[in-house]
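Numbering (the UniProt record's numbering), first residue to last: 1 to 211.
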């Protein structure tokens, strides 16, 4: 395997797709694969290890991920049985898993990403990587709106682990230096939460490929 940039990525994928009318969004078709595959491929081109936090339909998702392959990244999973508590509980499980990975170098930065944002591109990750070290948290902004992924220093992980499952990233960010960078990709604020959002995401992806 080619040596990859030593970034980690924690990808939250435990949600129930409650607003999708009974459809599990992560496995919906998108591009040449699925929503979660597109999200993983964008991160895999920039990150050495991706930790997918599962919860709802965990076994099915874990089995699917095992069948995917990426040239330069290792994708592993960790299960969050407490996912109904909210996304922060999944982030905590991901950070805990990251700290246990054998050979992990203390001080390595990591991304926090969402599995249901397939329009986030590799370029979006690389943009933040180039600014790494300028602040403890580097967050993209699209037209003033907080976007994803978010690049965090190792110390942010320590703060996350010091918070309870029902806390929130807002509390964590308030304890660290923050650099916000403007981005032009609307997909960095568009998660696929509803059937209409999915339809729009698919249309935008097709339009991008046809350009």
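Ideal Cβ placement from N, Cα and C applies to all residues, glycine included.
If you draw a straight line from the alpha carbon of residue 10 to that of residue 73, how long is it in whole angstroms?
Cα atoms of residue 10 and residue 73: separation of roughly 13 Å, rounded to the nearest angstrom.
For residue 166 and residue 86, I'd like the C-alpha separation in whole angstroms.
Straight across, the Cα-Cα distance linking residue 166 with residue 86 is about 7 Å.
Would residue 42 pass as a contact of residue 108 if the rule is Cβ separation under 7 Å?
no
Does DSSP put residue 115 in a helix, in a strand, or in coil?
coil
Answer with buried or exposed for residue 92, where buried requires no fewer than 16 other C-beta atoms within 10 angstroms of its C-beta.
buried
Rank 181, 162, 136, 164 by C-alpha distance to the C-alpha of residue 221 and give the top, closest one.
Outside the displayed range of the chain (1 to 211) lies residue 221, so it cannot be described from this structure.
Could you check whether residue 54 and residue 12 sit closer than 7 Å to each other, using their CB atoms as the reference points?
no
For the putative contact between residue 115 and residue 172, defined by C-beta atoms under 8 Å, what is the C-beta separation to the nearest angstrom?
About 20 Å separates the beta carbon of residue 115 from that of residue 172, a gap too long to meet the 8 Å contact definition.
Supposed contact pair residue 75 and residue 65 - C-beta distance, whole angstroms, cut 8 Å:
For a cut-off of 8 Å, the C-beta gap from residue 65 to residue 75 is around 6 Å, short enough to register as a contact.
Where does residue 180 fall in DSSP's three states?
strand
Outcome for residue 139 when other beta-carbon atoms lying within 10 angstroms are tallied against a minimum of 16:
buried
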